[in-house]
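J.:
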Amino acid sequence: AQKVTQAQTEISVVEKEDVTLDCVYETRDTTYYLFWYKQPPSGELVFLIRRNSFDEQNEISGRYSWNFQKSTSSFNFTITASQVVDSAVYFCALSEPLLGTASKLTFGTGTRLQVTL
Amino acid sequence: NAGVTQTPKFQVLKTGQSMTLQCAQDMNHEYMSWYRQDPGMGLRLIHYSVGAGITDQGEVPNGYNVSRSTTEDFPLRLLSAAPSQTSVYFCASSLTSESSYNEQFFGPGTRLTVL
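Top line first, the protein sequences correspond to chains A and B.
Here the first sequence is numbered in our numbering, starting from 2 and rising by one per residue.
Here the second sequence is numbered in our numbering, starting from 12 and rising by one per residue.
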């Protein structure tokens with residue numbers, strides 16, 4: 002069975018600090034996709050990134066960066082120079098094939114990030 | 012495009028009442044799904060559909076029914092509400108293809124309280 006573990010339930014940092022959110026996954030599939038979603042206090046789910054299992058290149062988007070390491074089954078997310086607007090719950094998710102071409106997402110339990118001044 | 016819309020945004024029910032949560036998308040996505048979000052448990056799949064007329068159960072289907080008569084709509088029915096169904100419900104949609112990488116677009120959520 003697929004599993005996604007986000008061991009950090011809550012993290013508090015002071016603005017401008019760097020913070021890394023951990024994500025460890027389990028799957029028997031050789032082809033899979035990993036995702037990060039952000040859920041701000043308003044409640045909607047915002048897509049941040051998608052990474053497939055064959056692409057282990059790190060990715061950087063502004064202050065956000067992602068480190069995918071297949072050898073340790075991890076897909077960690079780093080926010081550089083955090084800002085108050087980064088305060089949210091962050092979910093890591095793993096795609097799981099369903100019937101035919103459909104897939105479902107298995108979510109971790111989320112990490113609540115609180116950035117204070 | 013309105014994307015994925017959900018109604019209502021908030022709902023309070025009494026135990027035993029039934030109701031339907033509405034979900035619609037205007038992106039011509041084949042795949043639609045319902046998740047529930049509970050504190051400390053992330054999002055869990057309730058039901059999903061890979062196209063009109065096709066539905067299947069997810070991880071936590073008990074107490075819920077779905078149907079998919081059109082590509083656009085995917086309503087979730089609570090047959091006899093229970094306090095354990097108090098949750099935030101998200102509808103999502105995506106294209107289907109030969110890969111499982113498609114981004115799932117989520118609706119704004121419905122916060123349901125069952126007393």
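By construction, the Cβ of each residue, glycine as well, lies at the ideal position given by its N, Cα and C atoms.
Remember, it's a predicted structure, so these values are computed and weren't measured experimentally.
Got a sec? Which residues, its chain only, sit under 7 Å from B:G27 by beta carbon, not counting five neighbours each side?
T.: S91, A92
J.: Going by beta carbon distance, what residues of the same chain come within less than 8 Å of A:R51, once the five residues before and after it are set aside?
T.: Y34, L35, F36
J.: DSSP on A:P98, reduced to helix/strand/coil?
T.: strand
J.: Which residues, in chain order, does the segment 53-73 of chain B contribute to contact with chain A at a C-beta distance below 8 Å?
T.: G53, L54, R55, L56, Y59, V61, D67, G69
J.: For the 8 Å Cβ check, are there 3 or more pairs between the segment 17-26 of chain B and the segment 36-52 of chain B?
T.: No, they do not touch.
J.: Alpha carbon to alpha carbon, what distance is there between B:S78 and A:T117?
T.: 45 Å
J.: Chain B beta carbons: is any one of them nearer than 8 Å to that of A:K4?
T.: no
J.: Take A:F108 and list the residues in its own chain whose beta-carbon comes closer than 7 Å to its own, dropping the five residues that flank it on each side.
T.: V5, F92, A94
J.: Quick one: is B:R47 buried, meaning 16 or more other Cβ sit within 10 Å of its Cβ, or exposed?
T.: B:R47 is buried by the Cβ-count criterion.
J.: Tell me, which residues are paired with A:K39 by DSSP?
T.: Per DSSP, the beta-bridge partners of A:K39 are A:V47, A:Y91.
J.: Among A:A2, A:T10, A:Q7, A:E18, whose alpha-carbon lies nearest the alpha-carbon of A:S83?
T.: Comparing C-alpha distances from A:S83 to each of A:A2, A:T10, A:Q7, A:E18 shows the shortest one belongs to A:E18.
J.: Excluding the 5 residues preceding and the 5 following B:V71 in the sequence, name in chain order all residues of the same chain whose CB lies nearer than 8 Å to its CB.
T.: R47, R55, L56, I57
J.: For B:S104, return the contacting residues in chain A, with the cut-off set at a CB-CB distance below 7 Å.
T.: Against B:S104, chain A offers no close residue; the least beta-carbon distance is about 11 Å (beta-carbon pairs closer than 7 Å).
J.: Since B:L32 contacts B:V125 with CB under 8 Å, what's their CB separation in whole angstroms?
T.: Going by Cβ atoms, the distance from B:L32 to B:V125 rounds to 13 Å, so no, they are not a contact pair.
J.: Skipping 5 residues on each side, what residues in its chain have a beta carbon closer than 8 Å to that of B:F116?
T.: G14, V15, Q36, M38, H40, A103, S104, S105
J.: What does A:E60 reach in chain B if we use C-beta pairs closer than 8 Å?
T.: Per Cβ cutoff of 8 Å: no residues; A:E60 is ~14 Å from chain B at best.
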